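Residue numbers (the numbering used here), protein chains in the order written: chain A, -11 to 320; chain B, 27 to 396.
Each residue gets a CB set at the ideal place from its N, CA and C atoms; glycine is no exception.
Only a predicted model underlies this, so the values are computations on that prediction, with no experimental measurement involved.
A short worksheet on the structure shown next.
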């Protein structure tokens, strides 16, 4: 359960406790029971599906796990000729592009959400909000094509030469010729793709902050900035963390848009202006023509790692959220 | 509660239960039909037969066009899924499709083990494309060794003596070469690297022929369109694409030196020459890659796309319909192939293929063809 759902869940439970919903008529009680079983069955399907997915992945990836063991995680080799595989390039590419996307998208999304909720007239907020939701509806392949034909030339001609000209260009993170495509470009595309999601969810969370609470803040003489920081953000923290993880999940798993702009290279490089690979785009590119059993098993193992990482993120988020809630005493 | 309301509620509940039951039985029926063949076995006429194929993406535009054209002629429903050669081979082995398609030929041993027959249905050329200021289409000349050295990263600049020696009349800038390759696994890459392996011993030992080789240098583009976009955007770039793609997007191609020392430009005649001069008779399973073939006008990087069918067919009617389709492609589909920039299979090869059908394709012990 993500933090947003957690919020909703608790609210429902609280409402349930009221006397109004107690079963009064036998027929209605029967319906309730049927409905209950139906929802339980649906929920069980989800859990069963997850288990099935994990076990099939593990089974299919077994040849690779057995062959390479833990060294799969830090080996940079990806050699279809000699059947040697390692996932370090893809892991680094996934991590780097996701961090770039998050670092760019989350602050902007939060600021836009605050603007929409706190600072502009509702009419303006509605129009901008609709535009943001439309951005979220664009299929990822369109982002990929746009990235390849528009963003890549811009990166190659202007952005990367500009970075090279500054002292930053000497850092291992930015060395190399300006190809245009690469991990940085993939991160930028990803930031654009997750921006609408994070914005939309943060906006809804901030809207849920009760007017009374905010007015209490204003009544005590707090400025808009103080109310935003100390009341709205704290109250909505759980939801905002949920939005953050929604963006993270999308960025980590995005496939098509990244496949077009990342440059598909299995050579390890710390530089984010060099071509690289992410786990998802590598699977998409190579799975259909995967040559041997070990090659395919290695691709599945990459998928398994992604799967495990996503679950791990969720767990960490939940634990961290519980601690934060205790400390700030917020409701969400 | 009034009686009528009570009745309505009960009715609704029964209706819901009915819908649930119905959807369950429908699901069960769908599961029972999963091998998809039971319906086909009853089919009498070719018009009622539906055939499926799966495999290589390289010939997909042609196969789907052929299937549509042939449907108008014969009424046969043929569905080709471009899922990739690897998946196509797996599906034909598992008998979930009627034919598979692969860009890389299987070796005879693997064919025998799975009880498969293999034959080429169409061919295509792969061409290097460049983006170099002041160099026009067909102006630059390269040979296989130099191309391999560029893709190995040992030749790094356009002004390198190895390139200059082949191009005395072209002014070459002192510019870095940006190597572009496919990032997705593809038959095009397999044909290209097979060519480099055939020419350059160094390439063969360092990289070899593969659909997803370990590229020593360069950036990857997804699909022909990705490689083309990168080459067009980057000054000093070199890449390789299917001929149809280079032609349709008006890219700058190079002339390559063939096995007889002539520099040829990529075009349909040069690809056809490669097929005509190849020794198909001596290749078991037609497992021939048309790289570096003899002939003065031969383009050196050509590949055939292969069809895989089972030697033992379950259903004589369906098998006959399938072979009739392939025969129609050989006979009447060539104009379409040329329009889409694929290369027709030469007549002498078609005769060899159909002789093989007569000899080896059977259903219930009886020959299917002709």
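- Residue-level contact check: residue 246(B) touches chain A, since one or more beta carbons of chain A fall below 9 Å from its beta carbon.
- Residue 388(B) has 338(B) and 393(B) as its beta-bridge partners, per DSSP.
- Here the region 310 to 321 of chain B makes no contact with the region 344 to 363 of chain B; the two share fewer than three CB pairs at distances below 8 Å.
- Measuring C-alpha to C-alpha distances from residue 237(A) to each of 301(A), 278(A), 287(A) and 245(A) identifies 301(A) as the nearest.
- Residue-level contact check: residue 56(A) does not touch chain B, since none of the beta carbons of chain B fall below 9 Å from its beta carbon.
- Burial is judged here by how many other beta carbons sit within 10 angstroms of a residue's own beta carbon; residue 325(B) has at least 16 and is buried.
- Within the region 207 to 263 of chain B, the runs of alpha helix (DSSP H) that reach at least 4 residues and sit entirely inside it are, in chain order, 213 to 225, 227 to 232 and 249 to 259.
- Sequence-distant Cβ neighbours of residue 133(B) in its own chain, meaning closer than 8 Å and more than five residues away, are 311 and 313.
- By DSSP's assignment, residue 290(B) forms a beta bridge with 282(B).
- The CB of residue 210(B) comes closer than 9 Å to the CB of 247, 252, 272, 273, 274, 276 and 277 in chain A, given here in chain order.
- The DSSP-derived three-state label of residue 121(B) is coil.
- Ranking 95(A), 216(A), 76(A) and 252(A) by CA distance to the CA of residue 180(A) puts 95(A) first.
- Taking 9 Å as the cut-off, the beta carbon of residue 248(B) is found no closer than this to the beta carbon of residue 157(B).
- Under a criterion of Cβ atoms nearer than 9 Å, the residues of chain A adjacent to residue 204(B) are, in order, 165 and 167.
- Annotated as proximal: residue 61(A) and residue 74(A), with beta-carbon spacing under 9 Å.
- By the 16-neighbour rule on beta-carbons within 10 angstroms, residue 308(A) is exposed.
- In the structure shown, residue 202(B) adopts extended strand secondary structure according to DSSP, grouped into three states.
- Taking 9 Å as the cut-off, the Cβ atoms of residue 217(B) and residue 327(B) count as close.
- Within the region 246 to 268 of chain B, the residues whose Cβ lies closer than 9 Å to some Cβ of chain A are 246, 247, 248, 249, 251, 252, 255, 256, 259 and 260, listed in chain order.
- If one requires a minimum length of 3 residues, the beta strand (DSSP E) runs lying completely within the region 75 to 146 of chain B are 76 to 81, 103 to 107 and 125 to 128, in chain order.
- Each of 236(B), 194(B) and 244(B) was checked against the Cα of residue 168(B), and the nearest Cα belongs to 194(B).
- Exclusion of the five residues before and after residue 386(B) leaves 143 and 337 as the residues of its chain whose Cβ lies within less than 7 Å of its Cβ.
- For the C-beta of residue 140(A), the chain B residues within less than 9 Å are, from N- to C-terminus, 255, 256 and 259.
- The three-state secondary structure of residue 183(B), taken from DSSP, is strand.
- CA-to-CA, the gap between residue 241(A) and residue 259(A) works out to about 21 Å.
- By the CB criterion at 9 Å, residue 130(B) and residue 315(B) fall inside the cutoff.
- By the criterion of a C-beta distance shorter than 6 Å, residue 107(B) is surrounded in its chain by 80, once the five residues flanking it on both sides are discounted.
- Per the Cβ contact rule, the region 269 to 276 of chain B is not in contact with the region 290 to 304 of chain A (fewer than 3 Cβ pairs under 8 Å).
- For residue 139(B), no Cβ of chain A is located within less than 9 Å of the residue's own Cβ.
- Exposed is the label assigned to residue 23(A), since fewer than 16 other Cβ atoms lie within 10 Å of its Cβ.
- The alpha-carbon of residue 288(B) is positioned some 37 Å away from that of residue 66(A).
- Think of a sphere of 8 Å around the beta carbon of residue 234(B): the chain A residues whose beta carbon falls inside it are 69, in chain order.
- Taking the CA atoms as reference points, residue 392(B) sits about 15 Å from residue 349(B).
- Residues of chain A with a Cβ closer than 7 Å to the Cβ of residue 113(B) are, in chain order, 276.
- In the structure shown, residue 46(A) falls within a helical segment according to DSSP collapsed to helix, strand and coil.
- Neighbours of residue 134(A) across chain B, judged by C-beta separation under 7 Å, do not exist; the nearest C-beta is about 12 Å away.
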